[in-house]
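What follows is a short report on a single structure.
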Amino acid sequence: MRLKLFHVINLVTLCSVVQSKLTLKQVVILNRHSLRTPLSKNLNQVSPKVWPKWTDKPGYLTAKGSRLAGYMGTYFAAWLKKEGVLPTKCPTEDDLYVYSNTMERTLSSAQSFIEKGFPNCKIEVHHININIPDPLFTPIIHNTSAAFREDALDEMQDVLNTVHLNQAYDAISTILDYKNSRFCKVDKKCDLVRDKNRKNITPGHKPGLAGPLKICNEVIDAFLMQNYEGFPTKDVAWGQLADASAWQTVMTLNRAYHNVTYNTSLVAKDVSEPLVKYISNIFLKDDNKPKVTLLVGHDANLYTVFRTLGVKAYTLQKQNEITPVGSAVVFQKWRDDEAKKAYLKIDYVYQSTDQLRHSTILSLETPPMVKTLELKKCKIDKNGLCSWEDFQKFLTNLLYELRNELVHLIVNDYIYVDDALITLRKTPFDIEIIIPYHFPLESRPDTMEHLLQTMWSDAYRRKTCPKKVEPESHSEGGLFGDDSEAQLRQRVKESSVEVIQEESVHTIIPEEFIQSNIIQKHERFRKVMELKRLHAKEVKRDIKLGLLPDPFRERPLFEDENNKMYERKRNIRQKINEVYLKEMEREKTRLIVYKKDNQIDDITDHVRAWFREWFYGYGFFPTYPYEVEGGTIMVIRGAYPTIQEKVIEDEKYLAATKGKTKEMLNAEKKQAKADALLKAQAAKEQEKKEAEALFKLRCSPLSDPGYQIQTSGVTGQVIEALQKYRASWSIYDTLPPDQSADTIYGFMKPFLTEDLMSHMHAECRLYVDELMKLDLKLLIKAHQQMYKAVGWKYPKLRPRPKPRVPPVPKPLKIKDDLLQGLEEVFDLGIITKPKSKLKEIYGDYNYAAYDFNLRDPDAKFPSPGYADVRRRLKLSCVFGSGIEPGATRNKAVMILGPVRNGKSFLVDAVAGEMNAVKIDITPEVFSAVVDKPLKVLPQVFIAARVFQPSVIYMRNIERVFCKKVQPQDKYLNATQLKTLLPKLVKQIVPEDKVIFIATCSDPFVAQAKPLVSMFSEIILVPRTDYASLRSFFYYKFQGIRSMPRDYCVQALAQVLQGYGFGAVIELYDKVMTADRIVRLNITPLSPAEFLQPLFEMEIESISLEDYQEYVNFFIQNSPLSKERAEFETINVYRAVVYKKLAKDKKK
135 MRLKLFHVIN
145 LVTLCSVVQS
155 KLTLKQVVIL
165 NRHSLRTPLS
175 KNLNQVSPKV
185 WPKWTDKPGY
195 LTAKGSRLAG
205 YMGTYFAAWL
215 KKEGVLPTKC
225 PTEDDLYVYS
235 NTMERTLSSA
245 QSFIEKGFPN
255 CKIEVHHINI
265 NIPDPLFTPI
275 IHNTSAAFRE
285 DALDEMQDVL
295 NTVHLNQAYD
305 AISTILDYKN
315 SRFCKVDKKC
325 DLVRDKNRKN
335 ITPGHKPGLA
345 GPLKICNEVI
355 DAFLMQNYEG
365 FPTKDVAWGQ
375 LADASAWQTV
385 MTLNRAYHNV
395 TYNTSLVAKD
405 VSEPLVKYIS
415 NIFLKDDNKP
425 KVTLLVGHDA
435 NLYTVFRTLG
445 VKAYTLQKQN
455 EITPVGSAVV
465 FQKWRDDEAK
475 KAYLKIDYVY
485 QSTDQLRHST
495 ILSLETPPMV
505 KTLELKKCKI
515 DKNGLCSWED
525 FQKFLTNLLY
535 ELRNELVHLI
545 VNDYIYVDDA
555 LITLRKTPFD
565 IEIIIPYHFP
575 LESRPDTMEH
585 LLQTMWSDAY
595 RRKTCPKKVE
605 PESHSEGGLF
615 GDDSEAQLRQ
625 RVKESSVEVI
635 QEESVHTIIP
645 EEFIQSNIIQ
655 KHERFRKVME
665 LKRLHAKEVK
675 RDIKLGLLPD
685 PFRERPLFED
695 ENNKMYERKR
705 NIRQKINEVY
715 LKEMEREKTR
725 LIVYKKDNQI
735 DDITDHVRAW
745 FREWFYGYGF
755 FPTYPYEVEG
765 GTIMVIRGAY
775 PTIQEKVIED
785 EKYLAATKGK
795 TKEMLNAEKK
805 QAKADALLKA
815 QAAKEQEKKE
825 AEALFKLRCS
835 PLSDPGYQIQ
845 TSGVTGQVIE
855 ALQKYRASWS
865 IYDTLPPDQS
875 ADTIYGFMKP
885 FLTEDLMSHM
895 HAECRLYVDE
905 LMKLDLKLLI
915 KAHQQMYKAV
925 GWKYPKLRPR
935 PKPRVPPVPK
945 PLKIKDDLLQ
955 GLEEVFDLGI
965 ITKPKSKLKE
975 IYGDYNYAAY
985 DFNLRDPDAK
995 FPSPGYADVR
1005 RRLKLSCVFG
1015 SGIEPGATRN
1025 KAVMILGPVR
1035 NGKSFLVDAV
1045 AGEMNAVKID
1055 ITPEVFSAVV
1065 DKPLKVLPQV
1075 FIAARVFQPS
1085 VIYMRNIERV
1095 FCKKVQPQDK
1105 YLNATQLKTL
1115 LPKLVKQIVP
1125 EDKVIFIATC
1135 SDPFVAQAKP
1145 LVSMFSEIIL
1155 VPRTDYASLR
1165 SFFYYKFQGI
1175 RSMPRDYCVQ
1185 ALAQVLQGYG
1195 FGAVIELYDK
1205 VMTADRIVRL
1215 NITPLSPAEF
1225 LQPLFEMEIE
1235 SISLEDYQEY
1245 VNFFIQNSPL
1255 SKERAEFETI
1265 NVYRAVVYKK
1275 LAKDKKK
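Note that our numbering has the sequence shown beginning at 135, numbered continuously upward.
Encoded structure:
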């Protein structure tokens, strides 16, 4: 398996540049069929000359082509066996898998490859039904949208516009004597240069190109096959392509044709999608099976795959074509076992023109030609190797890019992925967004965490502080009075000794017997313990040696490894931050000492020069910039109006006010406002008309424009940020961890110095601006005196409009009086810190929802699964709380669902995931207990802000907005919070990591409008289904060691459908007690054991009809309610059109 270098007359084989420590693990060979007869049946129409005769049918493999394919098979077999990828004996399908297109030339090529390379071996050439084209290899268009067709045609036209083929057209016209051909005489198209090329993109067909370029490609293909077949030189193009320069001239037409048809980005990606997926699936598997895959296709497959993968442009030595017959692109996976790294190498193996024409036998001593290829997104080293990880990432990203839009227009809160995941052999869990571990680590400063613990301990001390009372006498106490624990033990010991002595008064036992008996017991005990310790050591030794499996070994979990990684990164960040602060303080001190005075002088000179510029250029001094605008920093940034702009502004103002009174000016302002309102109203009406027109178009599938792809507004920012990051921090990848902080600071020092200088400049400018404002007042006063001295009146200048001051939230200052006000909140015991996590929410995704959503015209919207809800909680509550910059901010979220459906646990899971404190303001523990709840409620929100991240929680919020308070609920005083609670929620600052989450079990008794308007988002908890219950019981039982690994939970999941998760968890705890778990080895668990406790709980499952009421409430109050109604109307009209089309089709 060690690689060697073969020196053969400037030829380099596949392994020539690979280092000896690498081993070949996996190979995929994409092979073009071997030599065939010309494809075109119109050759006699394009030239009056006599064409050489072929014995085989058009497009069939020739006898020589079969031999050439066998030579390639012999060479590849020898190379693969030498590298140890294939065994010396006959390979199995795990070793070698052969798949071919159904065309005769591809099947024959594959068969010849196998028969010569692996003689006497029964290796099957796999293919589908030979009567139909294989979609894997057939280069047809898959995208049916009109937008794709237009863009693809534009790309083809762009390629046509860039090629210059007049010389090549003239050469072909001369060779063919085209002016005397039947095409010229009949169709009157005699000039290949002036005739137009006609493009065609039709779904289900190959990309089409008709006209002179296609004619020339068919002719050149015939010339190439004649040359490869070994026809006499006088018969190859009638002897007019005898030298290399003539071939190069006409081959530009061949390359241009393939570039136009198959080498544009849109067409190539669409056509090659099935084949790229197939190759990607082979490489994305971890088992390296099959070791060698041979795919036999066509030159169109090579062109499109090269374009899709981003292969850089290349040229082939001693060959006129770019993809000659019998050539193969070889994807190789190499492994460095010492460095534990994998690499990709792509070689293009082909036979030169002479090797094809003269039928050169190939071997390791006389190899074919080899060209190393490079991907644009996978840079190669001097040995032609690129990182396998980069290649895998590229393939994964490419598959998602190749997929069509996941959803064209789905009116649903939940978006489901399509079978791109199936292609990747992944589940939605594999692409789930992982909550970074630095959230709980860094969500709250250490000082605030300490303060929170102190407040809790103080509240606990106030609640449980013992009262000082006088000790009672022993005679008035209980059995032992107020004796201490030691005294109680002594009393028990003495009473026991007395009882034993009384019972053994009449029994006399020799003292020697008692002593010897005790010694024997001790010796036996020691021996038993020594044997146990010895056995334990032997077991540990065998486990370490691998002789015994470790029953208690825990496998590394992804979450734990993820946490360790973030822990390491956090430590590195802390070290970098410490060095950064230390060095930054030192640099700041140095700059203040040496640069601050110079900064003040420079700023002062700059402002005075600015004053002079305005005085001599405008005649008056400028209005000093406002502090809100940044002061004179506006002048440096160029944001302050120039003198020319000020003059133009004054002229416009004079022209607008000349000869007009104040009343007329005010009337114009009013008219301008009215015109602006009319313009905005007209724009709204135009949008409304466009929406109505789009609605009408969508009502018919024949006129539906389809989904309009939206342009991302942040893509450019992301790319720019990544480029800056890589440019600044690429050095970090090469630094050892123990030197990262010092080295990074040394690298960053120029940037930090510049940043400090800018901050110091801003600070100095604040002081200078205050002084220069006084100077400006003195200058203006002196200017007024000058006017007065010459008898002129100083003009009244219009001041610049003062900009609005943006509201800045006041920082929360934590003082003793603030903490004292929060003591009442802590004394209520409503502040807790849940430890649950989102991973404890068991359930599955609703995989069928995607197919239901895409039905046309009867789209359905089934309820989501619990895994979908878990994902929504992560995005809407965890990220939406403000803990993740860039996420959509939600101030309030309502969790809607039936009673005892696990809604409160979902809130605990969100709080635990955020490492947040949960403040419970449920009426039972808040408004019913507090004397003045309206006074304490603001303190709750202050406490949430102080100890953020925080979750303010209320259970059954419908009682706050209920239409009529029930008598049994009047003591709760919940309706008192109706006005104040929404105001406080609205006042939550977006920068604070605070979110209000409420549950709602009976929304029908509440006033819907004020209830719904309070929340940014509503999440509907699904009815418990079979998949979610099965997942719950499966993971619960898997956590018990004595439970069988294959225990059937299907019966429980089937029976308990519709019961809320709260009831299911309570039922599980009643049955799976500690005693029952201990007895599992003796008495296996039966699903029937859950029935009796379920009957005793006297609860009923929620029916589909009852749950539908929650669904209806959710839809009616959803932002998608209007769009959902329009969608249903569209579906009704589309159904009618489909029925009509079906009837017409039958006719």
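Where is the CB? At the ideal position from N, CA and C, for every residue including glycine.
Open item on the list: Using 8 Å as the cut-off, can you tell me whether the segment 433-450 makes contact with the segment 296-308, which would need three or more C-beta pairs spanning the two stretches below that distance?
Closed with: Not touching, per the Cβ criterion.
- [ ] Would you mind giving the Cβ-Cβ distance between Ile1211 and Ser1176, rounded to the nearest angstrom? I have them listed as a contact below 8 Å.
- [x] 7 Å
TODO: Report the three-state DSSP secondary structure of Glu1125 (helix, strand or coil).
DONE: coil
Task: Coarse secondary structure for Phe134, derived from DSSP in three states - done: With the chain represented from 135 up to 1281, any question about residue 134 goes unanswered, as that position is not in the structure.
Task: Straight-line gap, His261 to Gly444 (C-alpha atoms, nearest Å) - done: 28 Å
TODO: Kindly list the residues whose CB is nearer than 7 Å to the CB of Trp590, restricted to its own chain and excluding five residues on each side of it in sequence; keep chain order.
DONE: Phe960
Open item on the list: Looking at the ligand COA, does it come within less than 6 Å of Arg1006, judged from the CB to the closest heavy atom?
Closed with: Although the ligand COA was asked about, the structure shown includes no ligands whatsoever.
Task: Ser1038 vs Val1027 beta-carbon contact at 7 Å - done: no
Task: Per DSSP, the bridge partner or partners of Phe1130 - done: Ala1026, Ile1086.
- [ ] Express the C-alpha separation of Tyr976 and Ala1222 in angstroms, rounding to a whole number.
- [x] 23 Å
Open item on the list: Quick test of your reading: Gly199 and Arg170, contact by CB under 8 Å. State the CB separation rounded to the nearest angstrom.
Closed with: 6 Å
TODO: Kindly indicate which three-state DSSP category Gln153 falls into: helix, strand or coil?
DONE: For Gln153, the pLDDT reaches just 44, beneath the cut-off of 50, and the residue's location in the model is therefore unreliable, although a value from the coordinates is still provided. Three-state DSSP puts Gln153 in coil, outside helix and strand.
TODO: Would you kindly work out how many angstroms separate the C-alpha atoms of Asp735 and Asn697, rounded to a whole number?
DONE: Near 53 Å, if we compare the C-alpha coordinates of Asn697 and Asp735.
Task: Residue from Asn263, Val180, Ala447, Ala211 whose Cα sits closest to the Cα of Cys350 - done: Val180
- [ ] Go ahead and label Asp1002 buried or exposed: buried means 16 or more other beta carbons lie within 10 angstroms of its beta carbon, across all protein chains shown.
- [x] buried
TODO: Thinking Leu91 and Glu289 are a contact (beta carbons under 8 Å), I'd like their distance in whole angstroms, please.
DONE: Given a span of 135 to 1281 for the chain in the structure shown, any question on residue 91 remains unanswerable.
Open item on the list: Tell me which residue opens and which closes the beta strand (DSSP E) that Gly342 is part of.
Closed with: 342-344
- [ ] To the nearest angstrom, report how far apart Phe1149 and Pro1116 are at their CA atoms.
- [x] 9 Å
TODO: Please report how far the alpha carbon of Ser834 lies from the alpha carbon of Pro337, in whole angstroms.
DONE: 20 Å
Open item on the list: DSSP has Arg938 in a bridge; who is on the other side?
Closed with: Per DSSP, none; premise fails for Arg938.
Task: Beta-bridge pairing of Asp1278 - partner residues as DSSP gives them - done: DSSP output for Asp1278 lists no bridge partner at all.
- [ ] Run the CB neighbour count on Ile1264, radius 10 Å, all protein chains shown included, and call it buried at 16 or more, exposed below.
- [x] buried
- [ ] Quickly, what does DSSP pair Thr966 with across the bridge? List them, please.
- [x] Lys1052
TODO: Take the Cβ of Thr442 as the centre, count every other Cβ of all protein chains shown within 10 Å, and call the residue buried at 16 or more, exposed below.
DONE: buried
Open item on the list: If you reduce the DSSP assignment to three classes, tell me which class Gln451 lands in.
Closed with: coil
Task: Three-way DSSP call (helix, strand, coil) for Cys255 in this model - done: In this structure, Cys255 counts as coil in the three-state DSSP scheme.
Task: Residues bridged to Arg166 [DSSP beta-bridge criterion] - done: Gly431
TODO: Classify Lys1273 as helix, strand or coil using the three-state DSSP reduction.
DONE: helix
- [ ] Could you check what DSSP says for Asp292 in three-state terms: helix, strand or coil?
- [x] If DSSP states are grouped into helix, strand and coil, Asp292 belongs with the helices.
Open item on the list: Assuming Thr738 and Val902 are in contact, meaning their beta carbons sit under 8 Å apart, how far apart are those beta carbons, in whole angstroms?
Closed with: 6 Å
Task: Residue range of the beta strand (DSSP E) that includes Ile1153 - done: 1151-1154
TODO: Round the Cβ separation of Ser243 and Ala203 to the nearest angstrom and send it over; I've been treating them as touching at under 8 Å.
DONE: Contact between Ser243 and Ala203 holds, with the beta-carbon distance rounding to 4 Å and staying under 8 Å.
Open item on the list: Starting from Asn393, trace the alpha helix (DSSP H) in both directions and tell me its first and last residue.
Closed with: 378-396
Open item on the list: Do Pro501 and Tyr231 count as a contact pair if the criterion is CB distance below 7 Å?
Closed with: no
- [ ] Under 8 Å by Cβ, that's how I've got Gln1191 and Leu1163 pegged, so tell me the actual separation to the nearest angstrom.
- [x] 7 Å
- [ ] List the endpoints of the continuous beta strand (DSSP E) containing Ala476.
- [x] 475-484
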